Amino acid sequence: MRKYSFFVLALVFLLASCTRVEPLPSVSPDASGEESALPANPTPPPDASEPPWEIIDPTAPPPVYPSADLAADWTENALETGQIHYQNTFRSGGEAVLTAGGSFPQTGSASIDAYYLALRDDFERLSESLAEAAAEDRLAYQLDAGFAVEMNAGGIYSVSRQIYQYFGGAHGSTAVYCETFSAATGRLLTLDDFFTVGQDAYTARLLEFVHHDIDRNPAEFSPEAKELARVFFPYETFVITPDGISLLFPEYNIAPFTSGIIRVEVPWGAVADIFTMPEG
């Protein structure tokens with residue numbers, strides 16, 4: 002703990018030196034014996050509450066494509082919607098140092114269930130490792146995992162997952178993960194599997210809707226959000242939904258922490274001409 006005490010003392014000294022208040026300039030009397038007035042500030046500081054960018058058009062309509070409902074006739078899969086759970090409270094010296102809880106899908110498909118059972122085991126090992134670190138730091142850590150089934154029809158089983166982690170500090174963080182499987186074979190599908198065109202072509206189409214969301218409310222995004230969206234395009238964090246394809250950008254990728262995970266909805270009509278159902 003000595004290294005932490007030294008760090009805190011150094012930080013306090015640094016902050017004290019940075020916040021020293023300089024004395025106001027003295028006001029000298031002029032030749033008449035009257036005190037001169039302080040000069041007025043001709044340019045007041047800008048309002049810090051105003052964002053450094055302009056809202057382009059918050060009412061701008063999204064890209065226009067013919068309406069379509071590709072999932073309207075999809076029949077429900079013969080998969081269960083159960084859960085695999087993990088729960089534990091780790092203690093050190095009688096005090097809780099880590100509370101860990103997680104739930105993962107259980108479907109009845111051997112391949113899909115084996116995948117999530119492995120994730121559940123990884124989550125348990127992560128909890129045990131973090132509990133050791135929490136005991137050394139004498140902090141109360143938190144680890145929570147949950148999921149949502151986004152699609153369980155038409156031969157597609159699509160899941161979004163989030164893991165919240167708190168290891169001390171001002172706030173925790175939330176990681177996002179997505180998996181889309183073939184319900185028939187349990188094969189993990191990629192975004193490429195759902196399109197008849199190459200990656201560059203379908204990415205450009207999907208980015209139209211990302212850019213629209215950014216233009217509609219730029220204050221929620223980073224100034225370079227459009228460029229970052231291409232660099233960090235969520236090829237691994239997408240889900241299929243009854244309404245289309247959803248793209249999930251992790252925290253900090255294209256927006257500040259306060260905006261959280263960014264979810265962009267792409268309707269079926271926007272991809273109907275280039276969408277295909279993957280082979281098992």
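Numbering (my numbering), first residue to last: 2 to 281.
All C-beta atoms, glycine included, are put in the ideal place defined by N, C-alpha and C.
Quantities reported herein were computed from a predicted structural model and do not represent experimental measurements.
**Prompt:** Is it buried or exposed for L118, if we count other Cβ within 10 angstroms and need 16 for buried?
**Reply:** Counting from one through the sequence shown, the residue named residue 118 turns up at place 117. L118 should be labelled exposed.
**Request:** Go ahead and label S161 buried or exposed: buried means 16 or more other beta carbons lie within 10 angstroms of its beta carbon, across all protein chains shown.
**Result:** By 1-based counting over the sequence shown, the position of residue 161 is 160. Buried: at least 16 other Cβ atoms inside 10 Å.
**Prompt:** Quick one: what's got a C-beta closer than 7 Å to A132's C-beta in the same chain, skipping five residues either side?
**Reply:** Here residue 132 refers to the residue found at position 131 of the sequence shown. Correct list, in chain order: F91, V98 and L99.
**Message:** For a test of the three-state rule: what should DSSP assign to E280, helix, strand or coil?
**Reply:** Working through the sequence shown from its first residue, we reach residue 280 at position 279. DSSP places E280 in coil when its eight states are reduced to three.
**Asked** Can you tell me whether D214 is buried or exposed, with buried defined as 16 or more other CB within 10 angstroms of its CB?
**Response** By 1-based counting over the sequence shown, the position of residue 214 is 213. Classification of D214: buried, given that the 10 Å Cβ count is 16 or more.
**Message:** Please classify A115 as buried or exposed, where buried requires at least 16 neighbouring CB atoms within 10 angstroms.
**Reply:** On the sequence shown, residue 115 is found 114 positions in, with the first residue counted as 1. The residue in question, A115, is exposed, as its Cβ has fewer than 16 Cβ neighbours within 10 Å.
**Prompt:** Thinking C-beta only, is G245 closer than 8 Å to P268?
**Reply:** Taking the sequence shown and counting its residues from 1, the one referred to as residue 268 is at position 267. Taking the sequence shown and counting its residues from 1, the one referred to as residue 245 is at position 244. Against a cut-off of 8 Å, the Cβ pair of G245 and P268 comes out as a contact.
**Length of the line joining the Cα atoms of T186 and L192** = Counted from its first residue, the sequence shown places residue 186 at position 185. Counted from its first residue, the sequence shown places residue 192 at position 191. Distance between the alpha carbons of T186 and L192 is about 17 Å.
**Message:** Taking the alpha carbon of F182 as the reference point, which residue from F195, A202 and G147 has its own alpha carbon closest?
**Reply:** Numbered from 1 along the sequence shown, position 181 holds the residue referred to as residue 182. Nearest of F195, A202 and G147 to F182, Cα basis: F195.
**Asked** Looking at C-alpha atoms only, which residue of F258, I113, F148 and I85 is the closest neighbour of G173?
**Response** Within the sequence shown, numbered from 1, the residue matching residue 173 stands at position 172. The residue with the shortest Cα to Cα distance from G173 is F258.
**Request:** Spatial neighbours of I275 within its chain, please: CB distance less than 8 Å, with the 5 preceding and 5 following residues excluded, ordered by chain position.
**Result:** Mapped onto the sequence shown, residue 275 falls at position 274. If you ignore the 5 residues before and after I275, its C-beta comes within less than 8 Å of the C-beta of F196, T197, V198, A202, Y203 and R206, all in its own chain and listed in chain order.
**Item:** With 16 other Cβ atoms within 10 Å as the buried cut-off, status of R231
**Value:** Counting from 1 along the sequence shown, the entry for residue 231 is found at position 230. Counting Cβ neighbours within 10 Å, R231 comes out exposed, since fewer than 16 surround it.
**Item:** Three-state secondary structure (DSSP) of F196
**Value:** For this step, residue 196 is matched to residue 195 along the sequence shown. Here F196 sits in strand by DSSP.
**Request:** Would you kindly work out how many angstroms separate the C-alpha atoms of A184 and V211, rounded to a whole number?
**Result:** Position 183 of the sequence shown holds residue 184. Position 210 of the sequence shown holds residue 211. Rounded to whole angstroms, A184 to V211 spans 29 Å at the Cα level.
**Request:** Note down, one range per segment and in chain order, each beta strand (DSSP E) of at least 3 residues found wholly within the stretch 127-183.
**Result:** 142-154, 157-167 and 174-183
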